[in-house]
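First residue of the sequence shown: 234, per the working numbering; consecutive thereafter.
Quick reminder that beta carbons are idealized off the backbone N, C-alpha and C, glycines included.
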Amino acid sequence: MTDDPIAPMLADVAAQDRAAFRQIYSATSAKLMGVLLRILGNRAEAEDALQEVFTRVWLRAARFDAGKGRGMTWLIAIASNHAIDRLRARPAPSVSDDGETVAQLPDGQRGALAGLVAEGEARRAVKCFGELDSDHAAAVKGAYLDGLSYDALAEKFDVPLNTMRTWLRRSLLKLRECLDQ
């Protein structure tokens with residue numbers, strides 16, 4: 234395995250070395266913040282999540298095994314998993330009177346017309362999802378709303394990995410076509 238500058242810092246953090254913890258924070262916080270921001274899409278929530286990730290690093294550094302992978306990879310996995318857990322903890326979208334799921338949009342003092350347009354777009358997205366095969370729609374929702382990996386989805390739907398990738402790619406293309414109409 235190539236030289237891993239994070240692994241020795243993690244070993245020191247496991248020994249409760251505060252200086253090593255400051256070092257690892259300085260060396261990795263920008264990258265981890267980028268990962269969290271990409272997944273969560275909200276800067277304030279990503280900042281909160283970053284604090285929680287480093288708390289986990291402090292408490293679990295002894296679990297890191299340099300023989301199984303690089304330190305940065307381990308840290309990114311912790312950050313990604315935490316962000317996905319936060320996404321799953323978010324409230325579910327509401328259901329409209331006619332049974333269609335419509336995402337609740339925050340009211341940023343938008344006008345009535347903007348609200349109607351946004352609701353219409355949400356209904357179009359729901360309609361387009363309805364045009365997909367039910368397994369394909371569930372796979373897209375699992376990948377992009379629940380954060381499931383290709384491997385997890387392939388296992389869940391009992392299909393080969395490359396088939397799952399094809400399902401997702403083709404489903405996204407169909408959704409784009411439908412939404413562009």
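Please look up how many angstroms separate the CB atoms of residue i and residue j, rounded, as I've assumed it's under 8 angstroms.
i, j, result
"glycine 375", "leucine 386", "5 angstroms"
"alanine 282", "leucine 292", "No, alanine 282 and leucine 292 are not in contact; Cβ-Cβ is about 16 angstroms, not under 8 angstroms."
Can you tell me where the alpha helix (DSSP H) with residue i in it begins and where it stops?
i, result
"arginine 409", "394-413"
"alanine 248", "Careful: alanine 248 lies outside any alpha helix (DSSP H) and carries neither H nor E."
"alanine 376", "367-377"
"alanine 299", "First-last for alanine 299: undefined, no H or E at that position."
"aspartate 281", "276-293"
"glycine 304", "304-322"
"glutamate 388", "383-390"
In or out: residue i buried (at least 16 other Cβ within 10 Å) or exposed?
i, result
"serine 404", "buried"
"aspartate 323", "Here residue 323 turns out to be arginine, not aspartate, going by the sequence shown. Under this definition arginine 323 is an exposed residue."
"threonine 261", "buried"
"leucine 412", "exposed"
"glycine 363", "exposed"
"alanine 372", "buried"
"aspartate 340", "At aspartate 340 the pLDDT is 49, less than 50, meaning the model places this residue with poor confidence; the figure from the coordinates comes in the next sentence. Aspartate 340 is exposed by the Cβ-count criterion."
"leucine 406", "exposed"
Between residue i and residue j, what straight-line distance do the alpha-carbon atoms span, to the nearest angstrom?
i, j, result
"valine 268", "proline 238", "20 angstroms"
"glutamate 280", "isoleucine 257", "17 angstroms"
"alanine 355", "alanine 294", "43 angstroms"
"aspartate 236", "alanine 244", "15 angstroms"
"leucine 401", "alanine 248", "44 angstroms"
"arginine 409", "alanine 240", "43 angstroms"
"tyrosine 383", "leucine 320", "18 angstroms"
"valine 290", "lysine 301", "17 angstroms"
"glutamine 284", "glutamine 414", "43 angstroms"
"isoleucine 317", "cysteine 361", "25 angstroms"
"glutamate 278", "asparagine 395", "34 angstroms"
"valine 242", "arginine 357", "Position check: residue 242 holds methionine in this sequence, whereas valine was assumed. C-alpha separation (whole angstroms): 50 angstroms."
"valine 286", "leucine 378", "21 angstroms"
"arginine 398", "valine 392", "10 angstroms"
"valine 246", "serine 367", "47 angstroms"
"histidine 315", "histidine 369", "26 angstroms"
"serine 259", "methionine 266", "12 angstroms"
"arginine 296", "lysine 264", "21 angstroms"
"leucine 381", "phenylalanine 390", "12 angstroms"
"tryptophan 307", "arginine 271", "18 angstroms"
Meets three-Cβ-pair contact criterion under 8 angstroms: the stretch 310-322 and the stretch 250-260: With the cut-off at 8 angstroms, the stretch 310-322 and the stretch 250-260 do not touch.
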